[in-house]
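See below for the structure under consideration.
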Amino acid sequence: MNVLIHISFFKLKSLYKISTEWKASNIIKNIASLIVFCGFAIGAYYSTRIATDYLIDTAKLGLFLLHRFLSMLLFVYFISINVGNIIVSYVTFYRSPEMYYYLTKPLSHRNLFIIKFLDNFFYSSTMFFLIALAVLLGYGSHFDMPWIFYLHTMFFMLLPFMLIAGCLAVITLLFVMRFADVLGVWKIILILVLIYLGSLFGYFSLTSPVRLVSAVMQHYPHVDQYFGYLDPAIAKYLPNYWIAESLYWMMKGESSFALSYTILLNIATIFIFIIMVVVGEKLFYPSWIASLSLHGKQSFKLPVFKIFSLLKPPVLEKQTSVLLKKEILQFLREPSQWIHFGIISILIFTFIVSVANINLKQNLPFLQTVSYMVLLLFNAFLIASIALRFVYPSVSIEGSNLWQVLTAPISRSKIYWLKFIIAITPILLISEILVIFSHRSLWEYPILIQSASIIMMGVAIAMVGLNFGAGSFFSDFREKNPIRIASSQSATVTFLVSLFYLSIIVALTFYPFMNYFQYILRGESFNKSLLLYGMTSVFALSIVLGVISIWIGFRAFKRDYI
Amino acid sequence: MIIINNLTKAFGAFKAVDSLTIEVKRGEFYGFLGPNGAGKTTTIKMMTGLYAPSSGKIIIDQFDIQKQPVEAKMSIGYIPDQPFLYEKLTGREFLFFSAGLYKMDHLLTSQRIKELIDLFEIGSWIDQRTENYSQGMRQRIVIAASLLHNPKVLIIDEPMVGLDPRSAHIVKQTLKQQSHNGVTIFMSTHSLHVAEELCDRVGIIKDGRLIFEDSTQALSLLKDGSDGRIESVFLELTK
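Going down the list, the protein sequences come from chains A and B. Each residue of the first sequence is one higher than the one before, counting from 1 in the working numbering. Each residue of the second sequence is one higher than the one before, counting from 563 in the working numbering.
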């Protein structure tokens, strides 16, 4: 225990020293963090408050349904934390140079495992925790809950809940790494993807929100009563259900029921944590050793990649060609990059398949505008997430190797622009593909497709520009791991700026689109210039955001290389 | 070939390099010595364009590294103190990558790589990813990459770090050969014996300032006048 405290103390001290270093980028980062976090927290608080007010007071949804929806949201939240932890913990456990240092010290493998787990968990889950606090404040304020409610929910419910997700993620990873050598990485990943997709599908099939709503609404207006008999048996074993149940009973004033679920959740957390430590003690070191041999394996020998071979004569200009090929090879040979990209591709594919079959045509212009804006926003959100994950770290991951390029006879502006072009090309392509597929049911309205195409082009430019510029400005050449770079404090600030930008896009386009849908559905007059102004402002804003970010990033890229 | 004129680099209030002036003639082998933190690596980073000087000028092969960096760098082969490589590339890919940055002809690159593989005895490792290399093997690849384009100027920061005796011997022979072929070499090193063995002239830097500059023969004379050990001369000068 003393060893754990000793190492944790020095880790925190080092983190504090790095984040409070008196550097322009740090000062800007901290001030920007504060402003953006506050803005985002206030936004999350008010959104939750308004949504809760609406669902309870206006839509008369009832406490039971509200908490069942909450349970479903918590399930998605659980899976997000779980998958996030698997990806980050792979890097923390198996790719961190720190491991070489610790393994040479008289530390038990169990202590080492716990240290790395805590490092990983707090690194990848702190942001989720803070966002959850803002949401909880919005939810609790509707019911005028006392401060003890927030303390109890955050530390005795949400924290254990997140810990369970984190522990299960690490247990999964340990087994994957231990047996990847035997079964092969690809097979294991495929099995995992299928398990996750299967559990998502299974959960939502069993808990079917539509079926639940119609069953509860049969009792309208007495929807506040408890309909626990409608819950599928398997759902009762899930931690998201326990939290939802606990909150429901708290709102009903039945503290003893609520407490029983809290106790259940905490016991389960302790139990799973112990299992994880036992599994970690047995599997961590062997899996770390196994990871070394996996690491050395050159898995990509497919003929298709020969076109990217540096050994082949260049087709493009020589410097451009080698830099381009180097970027592609690095991406394809780094498991944390292509695995994550694979997962995102599956998500995009699922999204495309789903929205291609959804009929977006509603009868009411307001509802139609809302559903259309949700669709557009989801497209834009996907682009923002991809940009954060893959574009933001692109300068930092050059790391200590950048000397090779910077001392070569090539201008820094060429290096910078080339990296930008490499980043923006696939993202522009993805954004336009998303427009085409997500508008399948709206093909008879070409004006919508044209507008969406312009908006998404603007979003792609703005998001790539913002993430590329911010990634360059806040570049951290000490960190080798792209996932950790993309989940750093400055990356989170950048993402929150992205969300702020997306909300402005919604504000700028909502009214023009509503005017258009009023014209289609009600035959009211359509002011074309309104849509034109909306599109122009979106595009102009996107260009301004992109260009300013790129310019700031370039100024930073010209700094001394340390 | 190399002119460093009144060069200063300050990090805040701290001057890492202070009014440094050095001139290295074509084909000369210049040893740059100094204790840890004296400003050797900072000077080299400015010479290779990794740092911008606070003031002063660096001319490489008649080109100002600040004003005409691309032209100046075309003449430079740089060997850093830490041989960081793109870990996902094989040694051979890394060499082709380096050659591409210098716009070398592909066929010529292939031939040159063959020669360098033989010279540095890296044949059995060349198609492995560099993440599997030892420090010495990385250093050999970096040195090979720096020589690919037949540079007019070699700027070297601690070339012997992490090398086994055989590798060190190969590197020393290569540097001697390069110097013999008329390549100008600017080498920072901690190894006084290496400097004594290879260099024509040495400069000693301390606290960012040049405190000694003369031929290796003059340094040997100082050594003979002392206790016969070059370390004693160095310790006395950098006291």
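Note that CB positions come from ideal geometry on N, CA and C, so glycine has one too. Note that the structure is predicted; figures quoted are calculated from it, not measured.
- Within the segment 438-512 of chain A, no run of beta strand (DSSP E) reaches 3 residues while sitting entirely inside it.
- Ile622/B sits close to Val715/B, with the two beta carbons spaced by under 7 Å.
- With 16 or more other Cβ atoms from the protein chains shown falling within 10 Å of its own Cβ, His340/A counts as buried.
- Non-local beta-carbon contacts of Gln673/B in its own chain, meaning distances under 8 Å to residues more than five positions away in sequence, are absent.
- At a Cβ-Cβ threshold of 7 Å, Ser396/A and Ser475/A count as neighbours.
- Proximity of His668/B to chain A, defined by a Cβ-Cβ separation below 7 Å, is satisfied.
- Listed along chain B, the residues sitting closer than 7 Å to Trp403/A by beta-carbon distance are Leu612, Pro642, Phe646.
- When the alpha-carbon of Gln225/A is set against those of Arg333/A, Asp181/A, Met251/A, the nearest one is in Met251/A.
- In the structure shown, Asn240/A adopts helical secondary structure according to DSSP, grouped into three states.
- For Val764/B, no chain A residue has a C-beta closer than 8 Å to its own C-beta; the minimum C-beta separation is roughly 24 Å.
- C-alpha of Ala132/A to C-alpha of Asn467/A: approximately 25 Å in a straight line.
- When CB distances to chain B are screened at a threshold of 7 Å, the residues of the segment 309-320 of chain A falling below it are Leu310, Leu311, Pro313, Pro314, Lys318, Gln319, in chain order.
- Residues of the segment 73-100 of chain A that bring their beta carbon within less than 7 Å of a beta carbon in chain B are absent altogether.
- Counting along the chain, the unbroken beta strand (DSSP E) around Phe594/B starts and ends at 591-595.
- Residues of chain A with a Cβ closer than 9 Å to the Cβ of Glu720/B do not exist; the shortest Cβ-Cβ separation is about 14 Å.
- Flagged as an interface residue toward chain B: Lys326/A, by a C-beta distance shorter than 7 Å.
- Judged by pairs of C-beta atoms under 8 Å, the segment 646-666 of chain B does not touch the segment 605-617 of chain B, as fewer than three such pairs exist.
- Segment contact: the segment 718-730 of chain B against the segment 655-664 of chain B, fewer than three CB-CB distances shorter than 8 Å; contact not assigned.
- Close partners of Pro286/A in chain B (Cβ separation under 8 Å) are lacking, with about 21 Å as the shortest Cβ gap.
- Interface annotation, Gln330/A: in contact with chain B, CB-CB separation under 7 Å.
- One finds Pro409, Ile410, Ser411 in chain A with Cβ atoms closer than 8 Å to the Cβ of Val632/B, taken in chain order.
- Fewer than three Cβ pairs drawn from the segment 681-688 of chain B and the segment 742-749 of chain B lie within less than 8 Å of each other, which leaves the two stretches out of contact.
- Taking the Cα of Ser125/A as reference, the smallest distance to any Cα among Pro482/A, Asp144/A, Ala169/A is reached at Ala169/A.
- Ranked by how close their Cα comes to the Cα of Arg412/A, the residues Tyr561/A, Phe495/A, Val3/A have Tyr561/A in first place.
- The Cβ atoms of Tyr139/A and Thr48/A sit closer than 7 Å to each other.
- In the DSSP assignment, Ile565/B falls within the unbroken beta strand (DSSP E) covering 564-573.
- In the same chain as Gly465/A, and ignoring 5 residues on each side of it, the C-beta atoms closer than 7 Å to its own belong to Leu545, Gly546, Val547, Ser549, Ile550, in chain order.
- Contacts with chain B at 7 Å (Cβ-Cβ) do not include Tyr46/A.
- DSSP assignment within the segment 48-112 of chain A yields the following whole alpha helix (DSSP H) runs of 4 residues or more, N-terminal first: 63-90, 98-103.
- In the structure shown, Ala235/A adopts helical secondary structure according to DSSP, grouped into three states.
- Taking the beta carbon of Glu334/A as reference, the chain B residues within 8 Å of it are Lys650, listed in sequence order.
- Along the segment 687-719 of chain B, the beta strand (DSSP E) occurs as fully enclosed runs of 3 or more residues at 715-719, listed in sequence order.
- Burial state of Ala387/A is buried, judged by a 10 Å Cβ sphere holding 16 or more other Cβ atoms.
- Interface with chain B (7 Å Cβ-Cβ cutoff): Asp181/A is excluded.
- DSSP places Leu310/A outside both helix and strand once states are collapsed to three, so it counts as coil.
- Of the candidates Asp680/B, Thr652/B, Asp762/B, Leu760/B, Thr652/B places its Cα closest to the Cα of Tyr695/B.
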